[in-house]
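Colleague: Be aware that the sequence shown starts at 1251, since it is given in the working numbering, and climbs by one per residue. Cβ coordinates follow ideal geometry from the N, Cα and C atoms, glycine included.
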Amino acid sequence: MEIISSIKTMQEKASCLRCENKRIGFVPTMGALHQGHLSLIKAAKDENDVVIVSIFVNPIQFLPGEDYGVYPVNMEEDKKLCGQMGVDVIFHPEAAEMYPEELLTTVNVSGITSRLCGSFRPGHFQGVTTVVAKLFNIVKPHAAYFGQKDYQQAIAVKKMVRDLNFDVEIRMLPIVREGWEENMLTGRDACPTGEAGLALSSRNAYLNPDEKAQAGILFQTLQTAKKMLDDGERDGGKLSDWMAKNFQHVPLALVEYAEVCDPETLEPLSQVRMGALLALAVRIGKTRLIDNMVWEAAGIRSNRCAS
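1. I need the DSSP call for N1454, collapsed to helix, strand or coil.
2. Starting from the Cα of S1369, find the closest Cα among Q1402, T1355 and M1348 and give me that residue.
3. Run the CB neighbour count on L1435, radius 10 Å, all protein chains shown included, and call it buried at 16 or more, exposed below.
4. Determine the burial state of S1255: buried for a count of at least 16 other Cβ atoms within 10 Å of its Cβ, exposed for fewer.
5. Contact check, E1297 vs A1393 under 8 Å by CB: the rounded distance?
6. Quick check: what's the CA-CA separation for Q1521 versus D1512?
7. If I measure Cβ to Cβ from Y1318 and keep anything under 8 Å in the same chain, skipping five residues before and after, which residues do I get?
8. What does the alpha-carbon distance come out to for the pair K1329 and L1423?
9. Is L1479 helix, strand or coil when you go by DSSP?
10. Report yes if the CB atom of M1325 is closer than 8 Å to the CB atom of I1305, and no otherwise.
11. Output the distance between the C-alpha atoms of N1454 and I1540, rounded to the nearest integer angstrom.
12. In the DSSP assignment, the beta strand (DSSP E) including M1410 goes from what residue to what residue?
13. So what does M1543 bridge to, in DSSP terms?
14. What residues in its chain sit with their C-beta under 7 Å from that of A1537, if we drop five residues either side in the sequence?
15. Using only the alpha-carbon positions, how far apart do V1323 and Y1395 sit?
16. Please tell me whether A1526 and L1479 are closer than 8 Å, where the distance is taken between their beta carbons.
17. Run through the DSSP bridge pairs and tell me what M1422 is partnered with.
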């Protein structure tokens, strides 16, 4: 496994791979890898000749006062996991390498990034799409892999790719949850590591045991809302209100949003017809957690992932 920190070296490596007709699968991460990341790496490994993983905590997607300075970092463990998963290249640049001078050019996907998390983290998605655009130009992948937990991020990247004609396929894979995730290294189900159903996230490391137990309410809420849809409820406003109210008995929970949205535009749905995104952002103590579930009417087929 090769570790590259230079943009120029990574570009030269990617160009050589493409000249050799190697298909490049790319998994962009901020490190602190967990089984969710490993599921993306496994898919990339299965579908491509070469797998490149980037590990870069991107400063321009953090707002003032957020956790950029304390974001979980464990490069030695990340290298070990990547090696065990058969990753070919880790691209691990420093911030000064990615942003050597004042950044005057950014990528902004309007509309869909102003809703949901965009309402609470203005500028966040501009930082995401900008760094992803830079990474695509550096790594030159044929396919890039994102997790459904960050649904809004994946939809924004897909839109950017379509609008700007990037030659890369965007793959969004299902959420991996604590307590019943497949161990990507052993192929066996992992022993429960927390409240079953909590979507895996690097920020879960911030939760103490009491907070982690209460965080299980996110998945429980989504499951019940999905059942309500299965049973015939179609009023998006009622479903959103119910999801928000379901957190009232959880002492440490503060709801930022509980929305029923169009899965493509992320606009709120007053009436659900063919499909919907159920989306939550909730603070448990000081930790901000997001989760979602895609619902589709019986008999409807889609290339979107449902958790």
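Modeller: In short:
1. The DSSP-derived three-state label of N1454 is helix.
2. Answer by Cα proximity: Q1402.
3. Exposed, because fewer than 16 other Cβ atoms sit within 10 Å of the Cβ of L1435.
4. exposed
5. 7 Å
6. 10 Å
7. V1307, P1309 and F1312
8. 22 Å
9. helix
10. yes
11. 11 Å
12. Run containing M1410: none in the beta strand (DSSP E); it sits in the alpha helix (DSSP H), Y1401 to L1414.
13. L1528
14. Before going further, note that residue 1537 is Thr rather than Ala in the sequence given. So the qualifying residues of the chain are R1453, Y1456, L1457 and E1461.
15. 21 Å
16. yes
17. F1396
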